[in-house]
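Enquirer: Sequential numbering of the sequence shown, starting at 6, is according to this note's numbering.
Every residue gets a Cβ at the ideal spot worked out from N, C-alpha and C, and that includes glycine.
What you are looking at is a predicted structure, and each value in this text was computed from that prediction instead of being measured.
This structure is in structure tokens; I'll ask about it shortly.
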Amino acid sequence: MKSISRILTTAALSVALGTTALTAFAETPPNMLVIANRIDDITTLDPAESFEFAGSDVIRNVYGKLVNFDPMNLDAGYGPDLAESWEVSEDGKSITFTMREGVTFHSGNPVTAQDAEFSLRRAVILNKTPAFILTQFGFTPENVEETIVADGNTLTITTDKKYATSFVLNCLTATIGGIVDMKTVMENEVDGDMGNEWLKTNSAGSGAYKVQSWKANEAVTLTSNPDFYLGAPAMERVVVRHVQESATQRLMLERGDIDVARNLNPEDVKGIMGVEGITVDDELRGRLMYVALGQKHPELSKPEVRQAFKYLIDYEGMEGSFLNGQYTIHQNFLPRTYLGAVDNNPFTYDPEKAKELLAAAGVPEGMEIEVGVREAQERIEIAQSLQNSLAAAGIKMNITVGTAKQILARYRARELDVYLGAWGPDYPDPHTNAGTFAYNPDNSDEAGATGLLAWRNSWDTGGLTEMTAAAVVEGDRDKREKMYHEIQAKFQETSPFAVMFQKIEQTGRAENVQNLNLGGAITAVSYWPVTK
Numbered sequence: 006m007k008s009i010s011r012i013l014t015t016a017a018l019s020v021a022l023g024t025t026a027l028t029a030f031a032e033t034p035p036n037m038l039v040i041a042n043r044i045d046d047i048t049t050l051d052p053a054e055s056f057e058f059a060g061s062d063v064i065r066n067v068y069g070k071l072v073n074f075d076p077m078n079l080d081a082g083y084g085p086d087l088a089e090s091w092e093v094s095e096d097g098k099s100i101t102f103t104m105r106e107g108v109t110f111h112s113g114n115p116v117t118a119q120d121a122e123f124s125l126r127r128a129v130i131l132n133k134t135p136a137f138i139l140t141q142f143g144f145t146p147e148n149v150e151e152t153i154v155a156d157g158n159t160l161t162i163t164t165d166k167k168y169a170t171s172f173v174l175n176c177l178t179a180t181i182g183g184i185v186d187m188k189t190v191m192e193n194e195v196d197g198d199m200g201n202e203w204l205k206t207n208s209a210g211s212g213a214y215k216v217q218s219w220k221a222n223e224a225v226t227l228t229s230n231p232d233f234y235l236g237a238p239a240m241e242r243v244v245v246r247h248v249q250e251s252a253t254q255r256l257m258l259e260r261g262d263i264d265v266a267r268n269l270n271p272e273d274v275k276g277i278m279g280v281e282g283i284t285v286d287d288e289l290r291g292r293l294m295y296v297a298l299g300q301k302h303p304e305l306s307k308p309e310v311r312q313a314f315k316y317l318i319d320y321e322g323m324e325g326s327f328l329n330g331q332y333t334i335h336q337n338f339l340p341r342t343y344l345g346a347v348d349n350n351p352f353t354y355d356p357e358k359a360k361e362l363l364a365a366a367g368v369p370e371g372m373e374i375e376v377g378v379r380e381a382q383e384r385i386e387i388a389q390s391l392q393n394s395l396a397a398a399g400i401k402m403n404i405t406v407g408t409a410k411q412i413l414a415r416y417r418a419r420e421l422d423v424y425l426g427a428w429g430p431d432y433p434d435p436h437t438n439a440g441t442f443a444y445n446p447d448n449s450d451e452a453g454a455t456g457l458l459a460w461r462n463s464w465d466t467g468g469l470t471e472m473t474a475a476a477v478v479e480g481d482r483d484k485r486e487k488m489y490h491e492i493q494a495k496f497q498e499t500s501p502f503a504v505m506f507q508k509i510e511q512t513g514r515a516e517n518v519q520n521l522n523l524g525g526a527i528t529a530v531s532y533w534p535v536t537k
């Protein structure tokens, strides 16, 4: 019998199955946006710590950044936000930002260069999972007083060497670039935590919305900021409800209980096609679905086994059935639309080739391994497909299903044999994925580099770390693009990652909801332009 174990608690399971969502609700008010989404991956709302999909959606709407994206024109790239302009030094190592005047935090405190200094220094000092996005520029807790410096209405950051300015600015658009209200945060500091515990469930931003409440695995409620410098949002309230099941999301959308359903499977998408008052949006996202083999496992660490797994995935079968219309085959770590992205997909389902590789590696018949997967319908179905195809090669894979928080905690602790999950870019530069899939300068357990997927997998990258480090400082765009082509080619052949699919998000939306932008490949969702 195929094995699937679950580590959900009874309470969490009832929420995951959408039982709490079956209560009837009145049609949503004209000044309120209600979204059904899987938000069980939220572990914190502190921008210095948050590193999950649903958490970044919240923070995107709560915190301003030095530079940011215009949700109505993402193709324009980053632009001014809390900084109205910037200048680069002659040596290319320092960027000086001039802050926008007249902007206030939700508390009423003015947004200053000192707040920006505090926020970026704080992120480096706390050194939470996403800190590498900043520390890759040479910022350390010991040097931030010299490398991140406010002076009047300006903030200057000085990197350890010259990088492409676009790369530095793209990184500052990441969640960790959120500027917090220093006074409010430090008023809530406990035992030197710089307000980290308080910010897990509260907010101190200047964005279009502030956090009213967050109940784990239930809902996030945001209220509008009428003093938002770009104008008061039309939606005075945004409620994102955790609804696990696609069928439940569809039912709620058809009844008018929600405005947007973000996790519909192909069957339910088909079911709402043509329903009066409902439309379906298709948007290519940057999110990738992948399988990762833990390199502490004595068999999974063999090169032949790593390759064999890539031939034991039924890519076309899944794309053509339960993933139809929602994922497209993509076997490279850079999503389509990114600089350096390539479309070659060399792996197909070939169990005979996989068996030859496994035999060459001396893998014992009946090897048993565990895969961890989040409680999400399509991910469980992918795991089951993989379970079946591995069985054809004599490998027994047991599936452990849990909440995103539970499974991610084990993955980040290097405890899983196999992890099946998704990865989305943090900023629109190729290093956002190259720097985590193919970069791991210190593979020791003590390094604790949980933000790097290569580290989570205990993989020393076999030279790709050096290639990635070289690509990120290359100033010639064409040369840099070619370097990422070379990195991905080697990655495909040697890595313990099997990148499988790129996400096409199919969103069910009430037709009266306008200007909802999910952020394309950069995966940044904006609520403030929405109207009804």
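Between which residues of its own chain and N517 is the CB-CB distance below 6 angstroms, once the five residues before and five after are set aside?
Expert: K537
Enquirer: Once the 5 residues before and after A88 are set aside, which same chain residues still bring their CB inside 8 angstroms of it?
Expert: L71, V72, F102, T103, M104, R105, A121 and L160
Enquirer: Per the contact definition of three or more C-beta pairs closer than 8 angstroms, is the stretch 396-404 in contact with the stretch 371-381?
Expert: yes
Enquirer: Which residues does DSSP pair with H247 in a beta bridge?
Expert: Looking at the DSSP assignment, H247 forms a beta bridge with N42.
Enquirer: Tell me which same chain residues have a C-beta within less than 7 angstroms of the C-beta of D273, skipping the five on either side of it?
Expert: S251, A252 and R255
Enquirer: Round the Cβ separation of L258 and A313 to the nearest angstrom and send it over; I've been treating them as touching at under 8 angstroms.
Expert: The pair is not a contact, with the Cβ atoms about 42 angstroms apart (cut-off 8 angstroms).
Enquirer: Alpha helix (DSSP H) containing A313: first to last residue?
Expert: P308 to K315
Enquirer: Within a Cβ cutoff of 6 angstroms, which residues of the same chain sit near S463, ignoring the five residues on either side of it in sequence?
Expert: Q300, K301 and R419
Enquirer: Quick check on Q331: does DSSP put it in helix, strand or coil?
Expert: Under the three-state reduction of DSSP, Q331 is assigned to coil, being neither helix nor strand.
Enquirer: Helix, strand or coil for L106? Go by DSSP, reduced to three states.
Expert: Checking the displayed sequence, the identity of residue 106 turns out to be Glu instead of Leu. DSSP places E106 in coil when its eight states are reduced to three.
Enquirer: Look at the Cβ atom of V129, then the Cβ atom of T117, and state whether they are nearer than 8 angstroms.
Expert: No, these two residues do not count as a Cβ contact at 8 angstroms.
Enquirer: From the DSSP output, which residues share a beta bridge with E259?
Expert: For E259, which the question treats as bridged, DSSP gives no partner whatsoever.
Enquirer: Ignoring anything shorter than 4 residues or poking outside the stretch 386-455, list the alpha helix (DSSP H) runs there in chain order.
Expert: The stretch 386-455 contains these whole alpha helix (DSSP H) runs: 409-417 and 436-442.
Enquirer: What separation, rounded to the nearest whole angstrom, lies between the Cα atoms of K358 and Y316?
Expert: Each residue's alpha carbon lies about 7 angstroms from the other.
Enquirer: Please go through the same chain and pick out, in chain order, the residues whose beta-carbon is closer than 7 angstroms to the beta-carbon of V368, but skip the five residues on each side of it.
Expert: E304 and V310
Enquirer: Taking D64 and L50 to be in contact with their CB atoms under 8 angstroms, please state how far apart those CB atoms are, rounded to whole angstroms.
Expert: The sequence shown places Ile at residue 64, rather than the Asp named in the question. I64 to L50, Cβ: 7 angstroms. Contact.
Enquirer: Taking 8 angstroms as the threshold (C-beta atoms), are P356 and S390 in contact?
Expert: no
Enquirer: Please name the residue in Y424, A474 and Q411 whose C-alpha comes closest to that of T437.
Expert: A474
Enquirer: Closest to N201 by C-alpha separation, out of V185, G212 and Y214, would be which residue?
Expert: V185
Enquirer: So, G322 versus Y354, is the Cβ gap smaller than 8 angstroms?
Expert: yes
Enquirer: Three-state secondary structure (DSSP) at A26?
Expert: Low local confidence applies: a pLDDT of 40 at A26 is under 50, so the model's placement there is unreliable, with the coordinate-based value given in what follows. Residue state, collapsed to three classes: helix.
Enquirer: Within 10 Å of its beta-carbon, does R260 have 16 or more other beta-carbons around it, so buried, or fewer, so exposed?
Expert: Exposed.
Enquirer: By the 10 Å Cβ neighbour count, where 16 or more other Cβ atoms means buried, how is Q331 classified, buried or exposed?
Expert: buried
Enquirer: Buried or exposed: which applies to Q519, given that a residue is buried once 16 or more other Cβ atoms fall within 10 Å of its Cβ?
Expert: exposed
Enquirer: In terms of alpha-carbon separation, which member of L413, S61, G513 and R267 lies closest to I277?
Expert: G513
Enquirer: Between S55 and T180, which are expected to be in contact by the criterion C-beta below 8 angstroms, what is the C-beta distance as a whole number of angstroms?
Expert: Correct: roughly 5 angstroms between the Cβ atoms.
Enquirer: Suppose you measure from the CA of F30 to the CA of S306; what does that come to, to the nearest Å?
Expert: Because F30 carries a pLDDT of 42, less than 50, the predicted location of this residue cannot be relied on, and no value is offered for it.
Enquirer: Give the single residue among G429, A409, K360 and V423 whose Cα lies nearest to the Cα of G399.
Expert: Looking at the Cα atoms, K360 is the closest of the given residues.
Enquirer: Once you ignore the five residues that flank F502 on each side, which residues in its own chain have a CB closer than 8 angstroms to its CB?
Expert: Y295, V296, A297, L298, F338, F442, L458, N462 and F496
Enquirer: Measure the Cβ-Cβ separation of Q382 and N222 and say whether it is below 8 angstroms.
Expert: No; because the gap between Cβ atoms is not below 8 angstroms, this pair is not in contact.
Enquirer: For P435, which residues of its own chain have a beta-carbon under 6 angstroms away from its beta-carbon, when the five flanking residues on both sides are left out?
Expert: Exclusion of the five residues before and after P435 leaves L339, Y343, L344, G345 and Y489 as the residues of its chain whose Cβ lies within less than 6 angstroms of its Cβ.
Enquirer: Have a look at A26 and A515 and give me their C-alpha separation to the nearest angstrom.
Expert: Below a pLDDT of 50, predicted positions are generally treated as unreliable, and A26, at 40, falls in that range; the measurement from the model is reported next regardless. Here the alpha carbon of A26 sits roughly 18 angstroms from the alpha carbon of A515.
Enquirer: In chain order, what residues of the same chain have a beta carbon less than 7 angstroms from the beta carbon of A388, not counting five sequence neighbours either side?
Expert: V376, V378, I404 and L425
Enquirer: Cβ atoms of Y168 and V478: under 8 angstroms apart, would you say?
Expert: yes
Enquirer: Check whether the Cβ of Y343 sits closer than 7 angstroms to any heavy atom of the ligand GTP, and report yes or no.
Expert: Although the ligand GTP was asked about, the structure shown includes no ligands whatsoever.
Enquirer: Using the C-alpha atoms, what's the distance from A427 back to A366?
Expert: In a straight line, the C-alpha of A366 is about 28 angstroms away from that of A427.
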